[in-house]
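Below is one structure, written out as structure tokens; comments come after it.
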Amino acid sequence: MQPIFTTQITKYKADENFAIDDILVREIKLEILLNDVKIGAMMATPTDLTELAIGYLLSENIITNPKDILDALFDEKTLSVKIIAKANQKALNNLNSEGIIISGCGRSVTANIDLQSLDAKKIQSDMKFQRREISKQMSEFYTQCDLYEKTGCVHTAKLFIGDKFYIGEDIAQHNTIDKAIGKAVLGGADLNSGFLMVSGRLSSEMVVKAVMNSIPLLVSRTAPTSLGVLIARKFNLTLCGFARGENLNVYSGAERIYA
């Protein structure tokens with residue numbers, strides 16, 4: 003399935019109007035099935051859908067180790083990703099009973115929002131990150147973002163590990179993170195040695211996804227929420243916002259940033 007389609011629109015430019023072809027991003031409802039049981043559904047852009055499902059289940063701690071995944075396949079006829087894996091039943095029960103509709107665009111749920119009950123470990127990474135490198139990568143953030151360049155209608159996440167990066171593009175920002183994480187995990191990357199950049203706000207669900215996957219640094223050119231900062235501080239995540247030009251606000255874990 004193509005992630006874009008073309009339609010004819012009427013364009014106004016000053017006092018003139020004319021018909022042109024316009025490229026739009028496609029939006030679908032994706033279902034996730036784990037061991038033949040429907041876990042949920044989300045609105046998504048039809049790219050990297052298997053990676054999206056895997057990243058989502060890892061971020062929710064429903065799958066605790068990528069090695070527990072036996073099979074994963076996207077079915078285009080049913081618009082579903084079917085995964086066979088060892089499941090963390092406690093996390094699965096929490097999602098079913100305490101699922102919260104998150105604040106990101108689209109509609110998705112998470113059980114990993116409450117600061118007191120969040121089942122995660124403090125990030126132990128000894129990685130250090132140069133401020134100038136963060137600024138450089140942010141200045142080049144939208145390069146190699148094919149869907150954004152074509153439509154201007156998607157969020158982006160980039161997960162940098164070593165000399166590689168894994169990109170996720172989607173109408174929903176939380177989906178971009180899951181896609182990037184899914185790609186990295188399937189590629190055998192060590193998430194604890196990388197850093198994540200996102201295009202939008204650093205709300206609690208974005209921060210939780212970094213924490214649950216032990217990613218030591220999360221960066222955006224926009225602002226965090228108060229709960230996002232509290233979660234980052236509790237779990238030793240380095241959280242940076244307003245990364246614009248040479249400027250950077252560090253809300254948590256400043257010891258990992260050097261000049």
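Sequence positions in the sequence shown follow the working numbering and run 3 to 261.
From the three backbone atoms N, C-alpha and C, an ideal C-beta is built for every residue, glycine too.
Just so it is clear, the structure is predicted and the values come from calculations on it, not from any experiment.
Going by C-alpha positions, L161 is about 6 Å away from F197.
Residue environment analysis places I125 among the buried positions, since at least 16 neighbouring C-beta atoms fall within 10 angstroms of its C-beta. A122 sits away from N37, with the two beta carbons spaced by 9 Å or more. By the Cβ-count criterion, M140 is buried, with 16 or more other Cβ atoms from all chains shown falling within 10 Å of its own Cβ. Per DSSP, the continuous alpha helix (DSSP H) segment holding Y58 begins and ends at 51-61.
Linking S127 to M44 through their CA atoms gives a straight-line distance of about 32 Å. Beta-bridge partners of L188 (DSSP): none assigned. When the beta-carbon positions are compared, A225 and R133 stay at least 9 Å from each other. V187 sits close to I56, with the two beta carbons spaced by under 9 Å. DSSP, read as helix, strand or coil, puts D23 in strand. Out of L59, F20, L81, the CA that lies nearest to the CA of Q4 is found in L81.
Taking the CA atoms as reference points, A46 sits about 34 Å from I259.
One Cα belongs to G42, the other to I179, and the distance between them is close to 18 Å. Counting other Cβ atoms within 10 Å of its Cβ, E171 reaches 16 or more and is therefore classed as buried. Rounded to the nearest whole angstrom, the C-alpha separation of Y253 and Q175 is 21 Å.
Three or more Cβ pairs closer than 8 Å define a contact, and the stretch 207-221 meets that threshold against the stretch 242-249. Secondary structure note for L149: its alpha helix (DSSP H) is the uninterrupted segment 148-153. A distance of 9 Å or more separates the beta carbons of V231 and L120. The C-alpha of E248 is placed about 35 Å away from the C-alpha of R28. Boundaries of the beta strand (DSSP E) harbouring R246: 240-246, taken from the DSSP string.
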